[in-house]
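Presented below is the structure to which this report refers.
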Amino acid sequence: MSPPPQHREPFVVCVIVTCDRARLLRRCLDSVAAQHHRPDHLVVVDNGEEPGAAESLAATGIPHTLLTSETNLGGAGGYAYGVLTARALGADWVWLADDDGLPGSPWTLGRLLACAADHRLDVVSPLVVDQDDPDRLAFPLRRGLRWVRRRDELGPDVLVPNVANLFNGALFSARALDVVGVPDPRLFVRGDEVEVHRRLRRSELRFGTCSPATYLHPQGHHDWKPLLGGRLTVLVPQDPVRRDRTFRNLGYLTAQPGLRWRRWPDEIRYAWYFLGQQRDVSGWARWRRLSRAGRHEIFEAAPERAPARQVAIA
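When we follow our numbering, the leftmost residue of the sequence shown carries the number 1430, and every step to the right adds one.
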């Protein structure tokens, strides 16, 4: 008689994307290494030129892979590169993180894994809270027709179904990644998470936010401009490059199945913001031009790549 099969713990790989923020990366890695349930492997995608990533990885004591890129792949390309590497390593679960955030407690990953098992989830996100005010959400969550901005507005439920912030501590099963794929590198930054969320909703996979598991992140409210006293908002990043990419990417998103309904509400809200509030005709014309380019999938060409640096695995 053959012996019974051995039970194997799930192989968890943490993927972190960074770009010239060595101090923040070290802080993030230290917090990941301090988890009671530590990931089995770390993958860091380094889009920048600032040194220190290799030393910070070595200090964790966790097996790791450092992927350096001579071309800045952006958040979208960085996560695509890192996720594919994690899957090639045999990951059962992939934990996604950005360098400017960190787990809110040493139990974050353990709680995510437990929540996924208890609720049979394919993807589970922690509650992303403002690092300066953990009672406030770093990014508002939509609950029906209203936006929730504070933790106490969510109620006592452990699971908030069908809602997730995907690139700030979300845990993806291998099955989910095989179904939804990796982020579209053309989106570079802004909109890439929304696009993956779109695929996730259409896939009919089970996902949600585990409210006892927290993830700290700088609040992202400054790029959202209020309309009607804050009852509506529009996304207008302060950085001009990010702003142009955002307008183009939002246009692309509103041409995709599952998000086409957003086009005309966006047209109204941005016209209201630029023409009604700002009296900025040129800004409105720029938004329309970039949004139209996105809908027609007109993306600027990527710069030529320099020879890639060697991948370091430890």
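Each residue gets a CB set at the ideal place from its N, CA and C atoms; glycine is no exception. Being a predicted model, the structure only gives us computed values, none of them experimental.
DSSP, read as helix, strand or coil, puts Trp-1576 in strand.
Counting the other Cβ atoms within 10 Å of the Cβ of Arg-1549 gives fewer than 16, which makes it exposed. Under the DSSP definition of a beta bridge, Gly-1637 partners with Val-1553, Pro-1590. Membership of Asp-1475 in any alpha helix (DSSP H) is not indicated; the residue belongs instead to the beta strand (DSSP E) covering 1470 to 1475. Taking the Cα of Arg-1571 as reference, the smallest distance to any Cα among Arg-1604, Asn-1591, Pro-1555 is reached at Asn-1591. With contacts defined as CB atoms closer than 8 Å, Gly-1533 and Leu-1454 fail to qualify as a contacting pair. Nearest to Trp-1693 by alpha-carbon distance, out of Glu-1499, Arg-1717, Leu-1496, Leu-1634, is Arg-1717. The three-state secondary structure of Ala-1567, taken from DSSP, is strand. Annotation note: the segment 1652 to 1705 contains the following uninterrupted beta strand (DSSP E) runs of length 3 or greater, listed N- to C-terminal: 1653 to 1656, 1661 to 1664. The alpha-carbon separation between Asp-1527 and Val-1587 amounts to approximately 24 Å. Taking a 10 Å sphere around the C-beta of Pro-1468, we find 16 or more other C-beta atoms and assign the residue as buried. Tyr-1510 has no beta-bridge partner at all, per DSSP. DSSP places Thr-1489 in the helix class (H, G or I) of the three-state scheme.
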